[in-house]
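Engineer:
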Amino acid sequence: SISLVVLALDNISMSSHIVGMVFYGVGRMMLFGMFFTNIGKRFGYTNYGSLAGFGLIVSAIASLLQYPMIVAASRGDEMVVNAASAIAMLVTGLPYCLWLWHRERIQNNDNNNKEDDNCLIS
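When we follow this note's numbering, the leftmost residue of the sequence shown carries the number 1145, and every step to the right adds one.
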């Protein structure tokens, strides 16, 4: 987000925009690195290619929605665009967060039970 602010400012010199472009490039590189790492860490590597490909296709289809949203915002419907974005984030993000919380909770309980079993055996 810092990179977009630097790139969007009109009152700074054009040479300063280079800093924004570098931040943007590094940020995108980190985003894809975290995406592919998270796929492997969360779901394993048995179906890694299929899951990563599916994630990229979903991302590409969702990014097609940005063009109608830009048109709607330019016509003065910023509140509608913001509300639609918030609802989309809740509908897609909240179930994943709940699933991840539940899965990590189960794994932590399993690890604690194994440690307790090891203490009893020793």
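Note that the Cβ used here is the ideal one computed from N, Cα and C, for glycine as well.
1) Output the distance between the C-alpha atoms of Ile1205 and Arg1186, rounded to the nearest integer angstrom.
2) I need the boundaries of the alpha helix (DSSP H) containing Gly1267, first residue and last residue.
3) Taking the alpha-carbon positions, what's the Ser1160 to Asn1226 distance?
4) Using 10 angstroms around the beta-carbon of Val1156, count the other beta-carbons present and answer buried if the total reaches 16, otherwise exposed.
5) Measure how close the beta-carbons of Tyr1192 and Gly1199 come, nearest whole angstrom, since I'm counting them as under 8 Å.
6) So the alpha helix (DSSP H) Gly1193 belongs to, where does it begin and stop?
7) Would you kindly report the start and end of the unbroken alpha helix (DSSP H) that includes Met1213?
8) Beta-carbon within less than 7 Å of Ser1194's beta-carbon, same chain only, minus the 5 sequence neighbours each way: which residues are those?
9) With Val1224 and Ala1216 assumed to form a contact (beta carbons below 8 Å), what rounded beta-carbon distance in angstroms separates them?
Structural biologist: Taking the coordinates as given:
1) Taking the sequence shown and counting its residues from 1, the one referred to as residue 1205 is at position 61. Taking the sequence shown and counting its residues from 1, the one referred to as residue 1186 is at position 42. So the two alpha carbons sit approximately 23 Å from each other.
2) Here the chain has residues from 1145 to 1266 only, and residue 1267 is not among them.
3) As a first step, residue 1160 is located in the sequence shown; it is residue number 16 there, counting from the start. As a first step, residue 1226 is located in the sequence shown; it is residue number 82 there, counting from the start. So the alpha carbons of these two residues sit roughly 30 Å apart.
4) Walking along the sequence shown from the start, residue 1156 turns up at place 12. Val is not the amino acid found at residue 1156; the sequence shown has Ile there. Burial call: exposed.
5) Residue mapping note: residue 1192 aligns to position 48 of the sequence shown, counting from 1. Residue mapping note: residue 1199 aligns to position 55 of the sequence shown, counting from 1. Between Gly1199 and Tyr1192 the Cβ distance is about 11 Å, and since that is not below 8 Å, they are no contact.
6) Walking along the sequence shown from the start, residue 1193 turns up at place 49. 1192-1207 is the extent of the alpha helix (DSSP H) around Gly1193.
7) The sequence position of residue 1213 within the sequence shown is 69, counting from 1. Note, Met1213: alpha helix (DSSP H), 1210-1218.
8) For this step, residue 1194 is matched to residue 50 along the sequence shown. Nothing listed; no residue qualifies.
9) Taking the first residue of the sequence shown as 1, we reach residue 1224 at position 80. Taking the first residue of the sequence shown as 1, we reach residue 1216 at position 72. Indeed they touch by this definition, with Cβ atoms about 6 Å apart.
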